[in-house]
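Encoded as structure tokens, the structure appears first; notes follow it.
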Amino acid sequence: MAAMFVVVLLAIASTCQGAPRARREAIGGKLDKSFDLLGLHMGLKYKDAAQPLKGGKFRLVIDDLKKYVKQAHSNKVDLDFDFDGGAAVGDGLFKMVVHYSMVHSDGDGEEKGELMVERKHTGDLWTTTLKTTAGAFGGKTLIPAQSTTWKSSWSLTENQFHAKYVNPTKNRDIHIDVDRVPGKSAHVVITNGPRKHDLTSRLRFELQEYGWNVFNIDN
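Taking my numbering, the leading residue of the sequence shown gets 821, the next gets one more, and so forth.
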């Protein structure tokens, strides 16, 4: 997923032409690729131009979205992508942060937020995290609050699986913990706020490379 995202950005960047230096630096310093036309600005800066998949920064600024989409509720839109592919390209480890800003056309102000996706590997533990946050805003947001204030993560080792989903707006605080004894049993605990379900079942399953394939259950 991360590699595909970078490939898409690189494809967009390949169509960008050089712009005057003052305009190239206007949306994020010296850029490797940039595009400016009719109120639409794009810029790309690699971490390592020789190895683009290591990541970089991509920024898209639309001076007035209503110029292109009459029904839009925003004027200026600013999207800032920061992708870090890690030291080793192709190992599945990465971190991507997306900052967004939308200036409401009705004068309510500027709506801001962030999306973060990260995959880490520490010891024998693989962890993937998704998190959204939003800045304070006095008016009605364009993106619903339940979509901008949640966090989800899941971790996997050979014999353990842990997942959680926290969303205060929807009153969700769900945790799933699984511990297995290979070929014998699995201890499953599911917690949702004050409610807790402890399930211990005898399972026979095999662990594939990045997921569990349950093929038989003994009650």
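Ideal Cβ placement from N, Cα and C applies to all residues, glycine included.
When you measure from the CB of residue i to every non-hydrogen atom of the ligand GDP, does any distance come out below 7 Å?
i    : result
H919 : Of the ligands one can find in the structure shown there are none, so the ligand GDP has no counterpart to examine.
Where DSSP assigns a beta bridge to residue i, which residues make up the other side?
i     : result
G863  : S854 and R879
N1012 : I994 and R1015
D999  : Q980 and H1007
K971  : K951 and V986
D1020 : In the sequence on display, residue 1020 carries Thr and not Asp. According to DSSP, T1020 bridges with H1007.
Apart from the five residues just before and just after residue i, which ones in its own chain have a Cβ nearer than 7 Å to its Cβ?
i    : result
H924 : H893, S894, E931 and G959
D944 : T977 and E978
T989 : A965, Q966 and T969
Assuming residue i and residue j form a contact by the criterion Cβ under 8 Å, report the distance between their Cβ atoms to the nearest whole angstrom.
i    : j    : result
G876 : L864 : 6 Å
F914 : R879 : The Cβ separation is near 19 Å, so there is no contact.
Q980 : D999 : 5 Å
G955 : G933 : 6 Å
V937 : M922 : Actually they are not in contact, since the Cβ atoms of V937 and M922 sit about 20 Å apart, beyond 8 Å.
T949 : S973 : 4 Å
D856 : Y866 : The pair is not a contact, with the Cβ atoms about 19 Å apart (cut-off 8 Å).
F957 : G929 : 6 Å
G859 : K887 : 6 Å
Tell me which residues share the same chain as residue i and place their Cβ nearer than 6 Å to its Cβ, disregarding the 5 neighbours each side in the sequence.
i     : result
L935  : V918 and T952
L1019 : V1008
R841  : Note that R841 has pLDDT 46, beneath the 50 cutoff, so the model's placement of it is unreliable and no number is given.
L885  : A892, S894 and V897
A983  : W974 and I996
When you compare only the Cα positions, how much space is there between residue i and residue j?
i     : j    : result
W946  : V986 : 19 Å
D883  : D868 : 29 Å
Y920  : V881 : 10 Å
K995  : F903 : According to the sequence provided, residue 995 is His. The question's Lys does not apply to it. Straight-line Cα distance between these residues: approximately 28 Å.
N991  : P872 : 41 Å
K1016 : K850 : 53 Å
T961  : H861 : 24 Å
A907  : H941 : 13 Å
D926  : L899 : 20 Å
Quick check on the DSSP output: what are the complete beta strand (DSSP E) runs of length 3 or more inside the segment 870-958, in order along the chain?
875-882, 894-904, 914-924, 930-942 and 945-954
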